[in-house]
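Structure record follows, encoded as structure tokens.
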Amino acid sequence: MTTGAGRTPAAPWLVWLALLTIYVVWGSTYLAIRVVVDSMPPLLAAGARFIPAALAVMLWLVLRRGPGGLRITRREAFATAFVGACLLLGGNGMVSLAERDVPSGLTAVLVATLPLVLVVMRRALGERPRRLAVFGVLFGFVGVAVLVLPQGLSGAAPFGSMALLLVSVTSWATGSLASPRIGLPADTFVSTSYQMLFGGLLLSAAGLLLGEGASVDIAAYRPESFLALGYLIVVGSIVAYTAYGFLLQNAPIGRISTYAYVNPVVAVALGALLLNERLDLSMLLGATIVIVAVAIIVTSDSRSKRDAAAADEVEPARAVPSAGQVQPARGASETA
4 MTTGAGRTPA
14 APWLVWLALL
24 TIYVVWGSTY
34 LAIRVVVDSM
44 PPLLAAGARF
54 IPAALAVMLW
64 LVLRRGPGGL
74 RITRREAFAT
84 AFVGACLLLG
94 GNGMVSLAER
104 DVPSGLTAVL
114 VATLPLVLVV
124 MRRALGERPR
134 RLAVFGVLFG
144 FVGVAVLVLP
154 QGLSGAAPFG
164 SMALLLVSVT
174 SWATGSLASP
184 RIGLPADTFV
194 STSYQMLFGG
204 LLLSAAGLLL
214 GEGASVDIAA
224 YRPESFLALG
234 YLIVVGSIVA
244 YTAYGFLLQN
254 APIGRISTYA
264 YVNPVVAVAL
274 GALLLNERLD
284 LSMLLGATIV
294 IVAVAIIVTS
304 DSRSKRDAAA
314 ADEVEPARAV
324 PSAGQVQPAR
334 GASETA
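Numbering (the numbering used here), first residue to last: 4 to 339.
Below is the structure:
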């Protein structure tokens, strides 16, 4: 894949390890968020998740590299703040607000529409998706309708809360597309720590602006909420979010987005087993449609990359260069 000027491609095993991490960990964070917001204010709790995680990573960087290890340019500061706002305030913050009313399994399935939104946004940026990808998008939105309408009409999950999840997905897609384009710090840990810090501060500010400060009562918070928050700080943020930041700079966005159809399986299973969340026919059918649609889109994306690579390999032969000029062709999206 393209890793940016002067950046050495990451080892394939590191890319797959990072991908496996967000497959499993982020599937479990939906349940953890649900437990947290059961007794804690959602946006302030989200801020309390990311600020300590950011400071922990920054402390580790300073101990290893000295104070200069955290130095970034003004442009990089703006870039990390923007991506942190998209991924954490708009993305994670909306999920936290929605999960007060929406079961964790349903939340994960609706967030799984990320690749659908990515196709639409990439089309708006001038890319022409394959017909197969267009079909996947349309099919996926049928799945969303099958999920949302019965849940909303029955009162099991308010339409407004489910709409917040679609806002979350759009914001997350915006941050994901912008990440490799707007000049983030080259070091994954530095970039991730600043994104979490800015995002956590924005989440806390938003919570205070919405009046969550008035509901702060530490004595009333359940022990399970504290445990879940600790899990989100250490595993869901420091470990998984760092892995995601690494992937954004070292793997194709199509491959990264495959986590969106693994997470719901983990989340639905955990929600049913640990929180006794109800699984009805419409949810199972809608979830199946969404996951199949995402698989169609990712398959189409992979085919586009293979076609581009094949075209690059044919082009040197057409030019008939001298033997000394022939070099191995590099595809439009070289795998890491």
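Here a beta-carbon is modelled for each residue, glycine too, at the ideal position from N, C-alpha and C.
Check: In chain order, what residues of the same chain lie with their CB nearer than 6 Å to the CB of L249, ignoring the 5 residues before and after it?; Outcome: Before going further, note that residue 249 is Phe rather than Leu in the sequence given. For F249, where only same-chain residues beyond five positions count, the Cβ hits under 6 Å are A21 and T191.
Check: Taking the C-alpha atoms as reference points, what is the distance between L211 and G202?; Outcome: 14 Å
Check: Report all residues from its chain with a CB closer than 7 Å to the CB of G343; omit the five preceding and five following residues, and keep chain order.; Outcome: Residue 343 cannot be examined here, being either before or after the span of the chain that is shown, 4 to 339.
Check: Measure the beta-carbon distance from S303 to L135 and round it to whole angstroms, keeping in mind my assumption that it falls under 8 Å.; Outcome: 4 Å
Check: May I ask which residues mark the beginning and end of the alpha helix (DSSP H) holding P118?; Outcome: L117 to A127
Check: Roughly how many whole angstroms lie between the Cα atoms of V98 and R37?; Outcome: 9 Å
Check: Could you give the residue range of the alpha helix (DSSP H) that holds E79?; Outcome: R77 to G87
Check: In chain order, what residues of the same chain have a beta carbon less than 7 Å from the beta carbon of T173, not counting five sequence neighbours either side?; Outcome: V120
Check: Out of curiosity, what's the CA-to-CA distance linking R103 and S164?; Outcome: 8 Å
Check: Give every residue of the same chain whose Cβ lies closer than 7 Å to the Cβ of V3, excluding the five residues on either side of it in the sequence, and list them in chain order.; Outcome: The requested residue 3 does not occur in the structure, where the chain is confined to residues 4 to 339.
Check: For L92, which three-state DSSP category applies?; Outcome: helix
Check: Hey, would you say the C-beta of V149 is under 6 Å away from at least one heavy atom of the ligand ZN?; Outcome: In terms of ligand content, the structure shown is empty, and the ligand ZN therefore cannot be addressed.
Check: Apart from the five residues just before and just after L278, which ones in its own chain have a Cβ nearer than 7 Å to its Cβ?; Outcome: L34, R37 and S107
Check: With a cut-off of 8 Å, do at least 3 Cβ pairs link the stretch 233 to 248 to the stretch 50 to 62?; Outcome: yes
Check: Can you look up I185 in the DSSP assignment and give me helix, strand or coil?; Outcome: coil
Check: Hey, which unbroken runs of the alpha helix (DSSP H) at 4 residues or more fall wholly within the stretch 136 to 193?; Outcome: 162 to 181
Check: Grouping DSSP H, G and I as helix and E and B as strand, with all else coil, what is L20?; Outcome: helix
Check: Do the CB positions of S182 and V105 come within less than 7 Å of each other?; Outcome: no
Check: So, using beta-carbon positions, are M364 and A57 closer together than 7 Å?; Outcome: The question about residue 364 has no answer, for the chain in this structure spans 4 to 339.
Check: With contact counted as at least three CB pairs below 8 Å, one residue from each stretch, are the stretch 217 to 225 and the stretch 37 to 48 in contact?; Outcome: yes
Check: Below 7 Å CB to CB, which residues in the same chain sit around V301 once its five sequence neighbours on both sides are set aside?; Outcome: P118, G257, S260 and T261
Check: Using 7 Å as the threshold, is the C-beta distance between V18 and A254 below it?; Outcome: yes
Check: Go ahead and label L23 buried or exposed: buried means 16 or more other beta carbons lie within 10 angstroms of its beta carbon, across all protein chains shown.; Outcome: exposed
Check: What is the residue span of the alpha helix (DSSP H) that N266 lies within?; Outcome: N266 to L277
Check: Counting along the chain, where does the alpha helix (DSSP H) carrying S42 start and finish?; Outcome: Where S42 is concerned, there is no enclosing alpha helix (DSSP H), given that its DSSP letter is neither H nor E.
Check: Name the residue from L213, A189, I294 and D283 whose alpha carbon lies nearest to the alpha carbon of L251.; Outcome: A189
Check: Whole angstroms is fine: what's the gap from G96's alpha carbon to L206's?; Outcome: 7 Å
Check: Out of G178, G158 and G72, which has the shortest C-alpha to C-alpha gap to M124?; Outcome: G178
Check: Measure the alpha-carbon distance for V40 versus A101 and round it to whole angstroms.; Outcome: 10 Å
Check: Going by beta carbon distance, what residues of the same chain come within less than 6 Å of G93, once the five residues before and after it are set aside?; Outcome: S174
Check: If you run the structure through DSSP and keep just helix, strand and coil, what is V295?; Outcome: helix
Check: Per DSSP, what kind of secondary structure is E215 in: helix, strand or coil?; Outcome: helix
Check: Would DSSP call V242 helix, strand or coil?; Outcome: helix
Check: In the DSSP assignment, find the alpha helix (DSSP H) that holds L113 and state where it starts and stops.; Outcome: S107 to V114
Check: Using beta-carbon positions only, say whether G146 and I292 come within less than 7 Å of one another.; Outcome: yes
Check: Helix, strand or coil for T11? Go by DSSP, reduced to three states.; Outcome: coil
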